[in-house]
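Comments concern the structure below.
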């Protein structure tokens, strides 16, 4: 027949044929006809469907499309009269299917929408077909939402960005650490300033304490001298405006002078014959019957032979020891300090480093 042939429907039916062997010789096919399936084959397929056995292998959409094909299953053209009916084997396949499957006459589009396999066969077969239809129903996919994925940088650029991010994070950490160190340094500076201020105040307090202590020492020294004078005059020997007190401690000349000064006096300095006589008697009474040398405040250390008192005045009255064997002074530069013997009160020059008793005087 003229015109292109449609593709074979995907079902279990045998390949279509263009005409039946019983067709009369010389009969030409109308232009609207297409290759059809023999009615005997369709009948056998319908019978099998009614028994619910083999139509399960025919998907429902194939039957619907067979009925909906516009060219192959269209009605005959209006130019043919009803009396000019075609033999069964030449009728359109849709009409054959409708007759065999006992379906109502519908258009191709209505058949594609209304015909289902549940209308064919017994109830058991329908249930099987419904189960297969449910299994083969397309699952409605949810609407796809297009999500804009972030553009990714090339690997090299990504690595550089990661390196920069790491470096910046480390710099931020270092900045935070430096800030904390600056805060700690500031606190330390404040503490050092406070400590320095406290230290300055403490130094001021110590200075004041030292000044107070010096004042106390001066007061104590003054009191000690006053006490020394009182003690010397109470325990010693008094003369005109002076008091003499003997200390029986062995000291060198200079040490004896310092001790007398601490007690508010000096080594004894007899200024005239009266004081010398009083001093001689005091020594004799203190050491009788023994004879002890005693330091007095007379020396010639500034100049040999120039005898001076401790206050720097020149000695005007002398009482050196002399006999036929010894004449004082005789020590020269080795003996520059004067001592008095306790038995007769005579003067002797002696080495200043010699240790002996000493006698102090206190002015009233």
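Numbering (full-length UniProt numbering), first residue to last: 1 to 364. Think of the CB as a built atom: it goes at the ideal place given N, C-alpha and C, for glycine as much as any other residue.
Assign residue 270 to one of two classes, buried (16 or more other C-beta atoms within 10 Å of its C-beta) or exposed (fewer than that). With 16 or more Cβ atoms within 10 Å of its Cβ, residue 270 is classed as buried.
Does the Cβ-Cβ distance between residue 317 and residue 359 come in under 8 angstroms? No; because the gap between Cβ atoms is not below 8 angstroms, this pair is not in contact.
Could you tell me whether the region 210-225 touches the region 245-258, where touching means 3 or more Cβ pairs closer than 8 angstroms? As far as the Cβ criterion goes, the region 210-225 does not touch the region 245-258, which means the pair count is below three.
For a test of the three-state rule: what should DSSP assign to residue 284, helix, strand or coil? Of the three classes helix, strand and coil, the one that applies to residue 284 here is helix, per DSSP.
In whole angstroms, give me the CA-to-CA distance for residue 363 and residue 236. Distance between residue 363 and residue 236, taken at the CA atoms: about 12 angstroms.
Where do the ends of the beta strand (DSSP E) carrying residue 334 lie? Following the DSSP letters along the chain, one finds residue 334 in no beta strand (DSSP E), marked with neither H nor E.
Integer-rounded CB distance, given that residue 250 should sit under 8 angstroms from residue 355: With a Cβ gap of about 4 angstroms, residue 355 and residue 250 count as contacting.
Backbone CA spacing between residue 294 and residue 357 [nearest angstrom]: Residue 294 and residue 357: Cα-Cα distance of roughly 5 angstroms.
If you draw a straight line from the alpha carbon of residue 345 to that of residue 326, how long is it in whole angstroms? Looking at the two C-alpha atoms, the distance is approximately 16 angstroms.
In or out: residue 349 buried (at least 16 other Cβ within 10 Å) or exposed? Buried is the call here.
Under three-state DSSP, which class holds residue 318? Residue 318 falls in the coil class under three-state DSSP.
Residue 349: first and last residue of the uninterrupted alpha helix (DSSP H) it sits in: Boundaries for residue 349: no alpha helix (DSSP H) harbours it, while the beta strand (DSSP E) harbouring it runs 347-350, taken from the DSSP string.
Who are residue 294's beta bridge partners in DSSP? In the DSSP output, where bridge partners are listed per residue, residue 294 has 340, 357.
From the DSSP output, in three-state form, read off residue 18 for me. Unreliable positioning characterises residue 18 in this predicted model, as indicated by a pLDDT of 45, which lies under 50. The coordinate reading is nonetheless provided below. Three-state DSSP puts residue 18 in coil, outside helix and strand.
Excluding the five sequence neighbours on either side, which residues of its own chain have a C-beta within less than 6 angstroms of the C-beta of residue 274, listed in chain order? Within the same chain, residue 274 has no close Cβ partners at all.
Where does residue 311 sit, in a helix, a strand or coil, going by DSSP? For residue 311, the three-state secondary structure derived from DSSP is coil.
Looking at residue 212 and residue 284, is the spacing between their C-beta atoms short of 8 angstroms? The answer is no: Cβ separation not under 8 angstroms.
Look at residue 246 and residue 286 and say whether their C-beta atoms are less than 8 angstroms apart. Closer than 8 angstroms, so yes.
Using the Cα positions of residue 307 and residue 207, report the straight-line distance between them to the nearest angstrom. When rounded, the distance between both Cα atoms is 44 angstroms.
Taking the beta carbon of residue 244 as the centre, do at least 16 other beta carbons fall within 10 Å, making it buried, or is it exposed? Residue environment: residue 244 is assigned as buried (16 or more neighbouring CB atoms within 10 Å of its CB, all protein chains considered).
State yes or no: is the C-beta of residue 310 within less than 8 angstroms of the C-beta of residue 266? The answer is yes: Cβ separation under 8 angstroms.
Pick helix, strand or coil for residue 246, following the three-state DSSP scheme. In this structure, residue 246 counts as strand in the three-state DSSP scheme.
Do residue 351 and residue 335 have their CB atoms nearer than 8 angstroms? Less than 8 angstroms separates the beta-carbon of residue 351 from that of residue 335.
For the beta strand (DSSP E) containing residue 238, list its first residue and its last residue. Start and end: 237-239.
Mapping the DSSP letters down to three states, classify residue 302 as helix, strand or coil. Residue 302 falls in the coil class under three-state DSSP.
N-terminal and C-terminal residue of the alpha helix (DSSP H) that residue 259 is part of: Note, residue 259: alpha helix (DSSP H), 253-262.
Once you ignore the five residues that flank residue 280 on each side, which residues in its own chain have a CB closer than 7 angstroms to its CB? Excluding residues up to 5 positions away in sequence, 345 lie with their Cβ nearer than 7 angstroms to the Cβ of residue 280 in the same chain.
By alpha-carbon positions, which one of 314, 288, 160 ends up nearest to residue 299? Comparing C-alpha distances from residue 299 to each of 314, 288, 160 shows the shortest one belongs to 314.
Would you kindly work out how many angstroms separate the C-alpha atoms of residue 203 and residue 227, rounded to a whole number? Rounded to whole angstroms, residue 203 to residue 227 spans 35 angstroms at the Cα level.
Proximity to residue 292 [Cα-Cα], best of 333, 340, 301, 157: Looking only at 333, 340, 301, 157, the smallest Cα-Cα distance to residue 292 is reached by 340.
Answer with buried or exposed for residue 289, where buried requires no fewer than 16 other C-beta atoms within 10 angstroms of its C-beta. Flag for residue 289 reads exposed.
Quick check on DSSP: helix, strand or coil for residue 213? Helix at residue 213.
Across which residues does DSSP place residue 266 in a beta bridge pair? Partner(s): 361.
Using the C-alpha atoms, what's the distance from residue 198 back to residue 209? Approximately 16 angstroms between the Cα atoms of the pair.
Pull up the DSSP beta-bridge partners for residue 367, would you. This structure cannot speak to residue 367, because the chain is shown only from 1 to 364.
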